[in-house]
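Chemist: In terms of this note's numbering, the sequence shown opens at residue 7 and continues consecutively.
Virtual Cβ for every residue (Gly too), placed ideally from N, Cα, C.
My structure is below; once you've seen it, I'll send some questions.
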Amino acid sequence: MNSFAQRVRRVQNAMDDNSLLLIPTAKPATRNRDTHYPYRTHSDIIYLTGVNEAGLTLLLTNDALFIFAATEDPERERWTGKVQGHDFFRKTFEDLNCKVEVRPSGEWRKEIENLSRGRKTLYYDFGEDTQRDKTVLETLSEIPQAARKGLYAPRTLKRAATILSELRLIKDAGDIAALKKAARISSLAHNQTKDFIENAETPLTEFEVKAFIEREFMAGGADQLAYPSIVAAGNNATVLHYEKTSGRANSGEFFLIDAAVEFEGYASDITRTTAVGGIDKAPAFARSMHALVKQAQKEAIGASLVGATIDAVHEKAVEVLSRGLFEAGLFERVPQRNAEGKFLSAEM
């Protein structure tokens, strides 16, 4: 059984008896006129099928999988590209050892009504799409009309995330391989960009650096950007979600780059600062702050041990940074926590 079939089986085993779980497609978002933003479906769809494709919806019962996917259509595919097709999904889940049906995308609305009848529990994440929520609720409200026949609608609603989020905490071999690939593509691109910035002999613009790193991302095999790239020169780096590309940095000034890629549904995330012409060209105070951040990074990595919490790793970085800023004379006092976790203000 392949990893996707195994994941579906784990979801089915975690569901309440006599229940139904719906994972709907994400709607394409229009940018303007006939142009759409790059499509990205629901993460759980990618997790269970490996496919990022519009119109793909999943319905699971304890002993069946219903896949609603786009059919092959040469006319449409001339505009939007090939789809995987129904045979692909049948083959992917042929070893699931339960009922597997693959149907056209739009038929999920009819099937959820059929499958909901007599079920005790519905797993569905309300609040992500109000129009789809309305469709689901209207479907459930019509079912009680058949109660005299012994049929009823689900009387318990649970978030699908209560199952999917918990299962996805433990990564299987496929998850780990995708995570490593995303991190490798991003880190190599950042290293190439660091060399590009440090070897520059003239001022660099933000759009030059952004174009360089995003080219490296795509050349490395990324599926898409993990998030909009932030490339900020000089004081622009103090804007937390800087989006423009009109700034420039001279020799000795820094570029902050917060950019990374997504691969097979998994995102990496890297932030790095690099001085134009190399760190030796930067002013002394800037060099000392750069060294402080580097030390915090090293100690946070050292605290990343088996059994450690994310909070513990974060606190190690905060400790190093706070002490360094205090010793540099930037703070008279720094926040400290007492045994109960409440903040105190005390000298280091």
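For HIS247, is the classification buried or exposed, using 16 other Cβ atoms within 10 angstroms of its Cβ as the cut-off for buried?
Modeler: As a working note, residue 247 is residue 241 in the sequence shown. When all chains shown are included, HIS247 counts as exposed.
Chemist: Which residue comes first and which comes last in the beta strand (DSSP E) that contains THR162?
Modeler: For this step, residue 162 is matched to residue 156 along the sequence shown. In this chain, the beta strand (DSSP E) harbouring THR162 covers 162 to 164.
Chemist: Is it buried or exposed for LEU64, if we count other Cβ within 10 angstroms and need 16 for buried?
Modeler: In the sequence shown, residue 64 corresponds to position 58, counting from 1. Answer is buried; the Cβ neighbour count reaches 16.
Chemist: Going residue by residue through the region 290 to 319, where are the continuous alpha helix (DSSP H) segments of at least 4 residues, counting only ones entirely within it?
Modeler: 290 to 308
Chemist: Excluding the five sequence neighbours on either side, which residues of its own chain have a C-beta within less than 7 Å of the C-beta of PHE213, listed in chain order?
Modeler: One-based indexing of the sequence shown puts residue 213 at position 207. Cβ within range, chain order: THR251.
Chemist: If we count the other Cβ atoms within 10 Å of its Cβ and call it buried at 16 or more, is GLN18 buried or exposed?
Modeler: Within the sequence shown, residue 18 is the residue found at index 12, counting from 1. It is buried - the Cβ of GLN18 has at least 16 other Cβ atoms within 10 Å.
Chemist: Consult DSSP for LEU170 and reduce its assignment to one of helix, strand or coil.
Modeler: Residue mapping note: residue 170 aligns to position 164 of the sequence shown, counting from 1. Reduced to three states, the DSSP call for LEU170 is helix.
Chemist: Nearest-angstrom Cα distance between ILE73 and ALA334?
Modeler: Sequence index remark: in the sequence shown, residue 73 carries index 67 (1-based). Sequence index remark: in the sequence shown, residue 334 carries index 328 (1-based). About 60 Å.
Chemist: On a Cα-Cα basis, can you pick out the residue from GLU100, ASP101, ALA167 and ASP79 that is closest to GLY91?
Modeler: What you label residue 91 is simply residue 85 of the sequence shown in a count that begins at 1. Closest option to GLY91, Cα to Cα, is ASP79.
Chemist: Going by C-alpha to C-alpha distance, which of GLY271, GLU207 and HIS48 sits closest to ALA228?
Modeler: Indexing the sequence shown from 1 puts residue 228 at position 222. The candidate whose alpha carbon is nearest that of ALA228 is GLY271.
Chemist: For the putative contact between ALA323 and ALA306, defined by C-beta atoms under 8 Å, what is the C-beta separation to the nearest angstrom?
Modeler: For the purposes of this step, residue 323 is taken as the residue at position 317 of the sequence shown. For the purposes of this step, residue 306 is taken as the residue at position 300 of the sequence shown. Their Cβ separation, rounded to whole angstroms, is 4 Å, which keeps ALA323 and ALA306 in contact under 8 Å.
Chemist: What span of residues does the beta strand (DSSP E) with THR31 cover, start to end?
Modeler: Position 25 of the sequence shown, counted from the first residue, corresponds to residue 31. Segment: none, THR31 is in no beta strand (DSSP E) and carries neither H nor E.
Chemist: Considering only DSSP beta bridges, list what TYR129 is partnered with.
Modeler: Along the sequence shown, read from residue 1 onward, the residue named residue 129 stands at position 123. The partner list for TYR129 (beta bridge, DSSP) reads LEU27 and LYS164.
Chemist: Would you mind listing the alpha helix (DSSP H) stretches within the region 96 to 125 that are 4+ residues and don't spill past its ends, in chain order?
Modeler: 114 to 122
Chemist: Strictly by DSSP, which residues pair up with GLN230?
Modeler: Sequence index remark: in the sequence shown, residue 230 carries index 224 (1-based). Its beta-bridge partners are GLU268.
Chemist: Do the region 91 to 108 and the region 33 to 44 touch if we need at least three Cβ pairs shorter than 8 Å?
Modeler: no
Chemist: Quick one: any contact between the region 251 to 268 and the region 215 to 231, if contact means 3 or more CB pairs under 8 Å?
Modeler: yes
Chemist: Where ILE285 and ALA239 are concerned, what is the direct C-alpha to C-alpha distance, given to the nearest angstrom?
Modeler: Along the sequence shown, read from residue 1 onward, the residue named residue 285 stands at position 279. Along the sequence shown, read from residue 1 onward, the residue named residue 239 stands at position 233. Their backbone Cα atoms lie some 15 Å apart in a straight line.
Chemist: Please classify HIS320 as buried or exposed, where buried requires at least 16 neighbouring CB atoms within 10 angstroms.
Modeler: Position 314 of the sequence shown, counting from 1, holds the residue named residue 320. HIS320 should be labelled exposed.
Chemist: Go through the region 170 to 205 residue by residue and report every complete run of the alpha helix (DSSP H) that reaches 4 residues or more, in order.
Modeler: 179 to 204
Chemist: DSSP three-state label for PHE213, please.
Modeler: Taking the first residue of the sequence shown as position 1, residue 213 is located at position 207. Three-state DSSP puts PHE213 in a helix.
Chemist: Can you say whether ASN241 is buried or exposed, counting buried as having 16 or more other CB atoms within 10 angstroms of its CB?
Modeler: Translated into positions along the sequence shown, residue 241 becomes position 235. Exposed, since its Cβ has fewer than 16 Cβ neighbours within 10 Å.
Chemist: Hey, could you find the ends of the beta strand (DSSP E) VAL14 is sitting in?
Modeler: Residue 14 sits at position 8 when you count from the first residue of the sequence shown. Here VAL14 belongs to no beta strand (DSSP E); instead the alpha helix (DSSP H) covers 9 to 20.
Chemist: Which residue marks the beginning of the alpha helix (DSSP H) containing THR47, and which one marks its end?
Modeler: Counting from one through the sequence shown, the residue named residue 47 turns up at place 41. No alpha helix (DSSP H) contains THR47, which DSSP labels as neither H nor E.
Chemist: Determine the burial state of ALA352: buried for a count of at least 16 other Cβ atoms within 10 Å of its Cβ, exposed for fewer.
Modeler: Position 346 of the sequence shown, counted from the start, is the residue given in the question as residue 352. Only weak support exists for where ALA352 lies, its pLDDT of 46 falling under 50; the value from the coordinates is given anyway. By the 10 Å Cβ count, ALA352 comes out exposed.
Chemist: Based on Cα-Cα distance, which residue from THR41, ALA60, VAL89 and THR127 lies nearest to LEU27?
Modeler: The count along the sequence shown starts at 1 and reaches residue 27 at position 21. Selected option, being the one with the closest Cα: THR127.
Chemist: Closer than 8 Å is the cut-off here; do at least three beta carbon pairs connect the region 123 to 140 with the region 158 to 172?
Modeler: yes
Chemist: Relative to the alpha-carbon of ARG278, which residue among ALA195, GLU107, ALA184 and ARG13 has its alpha-carbon at the smallest distance?
Modeler: Residue 278 sits at position 272 when you count from the first residue of the sequence shown. Of ALA195, GLU107, ALA184 and ARG13, the residue nearest in Cα terms is ALA195.
Chemist: Helix, strand or coil, according to DSSP, for MET354 in the structure here?
Modeler: Taking the sequence shown and counting its residues from 1, the one referred to as residue 354 is at position 348. With a pLDDT of 44 at MET354, under the threshold of 50, the predicted position of this residue should be treated as unreliable, and no value is reported.
Chemist: Once DSSP output is grouped into helix, strand and coil, what is the label at ILE276?
Modeler: Taking the sequence shown and counting its residues from 1, one reaches residue 276 at position 270. The answer is coil: DSSP assigns ILE276 none of H, G, I, E or B.
Chemist: Please report the residue range of the beta strand (DSSP E) in which LEU62 lies.
Modeler: Position 56 of the sequence shown, counted from the start, is the residue given in the question as residue 62. The continuous stretches of beta strand (DSSP E) do not include LEU62, and DSSP gives it neither H nor E.
Chemist: Among the residues of its own chain, which have a CB less than 7 Å from the CB of LEU331, if the five just before and after it don't count?
Modeler: Position 325 of the sequence shown holds residue 331. Excluding the 5 residues flanking it on each side, LEU331 has same chain C-beta neighbours closer than 7 Å at PHE337, in chain order.
Chemist: How many Å lie between SER122 and PHE132 at the Cα?
Modeler: For the purposes of this step, residue 122 is taken as residue 116 along the sequence shown, with counting starting at 1. For the purposes of this step, residue 132 is taken as residue 126 along the sequence shown, with counting starting at 1. So the two alpha carbons sit approximately 16 Å from each other.
Chemist: Which residue from SER257, ILE149, GLU113 and LYS177 puts its Cα closest to that of GLY61?
Modeler: Within the sequence shown, the letter at position 55 stands for residue 61. Of SER257, ILE149, GLU113 and LYS177, the residue nearest in Cα terms is GLU113.
Chemist: Just the C-alpha distance for ALA32 and ALA183, rounded to the nearest angstrom, thanks.
Modeler: The sequence position of residue 32 within the sequence shown is 26, counting from 1. The sequence position of residue 183 within the sequence shown is 177, counting from 1. When only Cα atoms are considered, ALA32 and ALA183 end up about 25 Å apart.
Chemist: Assign LEU71 to one of three DSSP states: helix, strand, or coil.
Modeler: Counting from 1 along the sequence shown, the entry for residue 71 is found at position 65. Reduced to three states, the DSSP call for LEU71 is strand.
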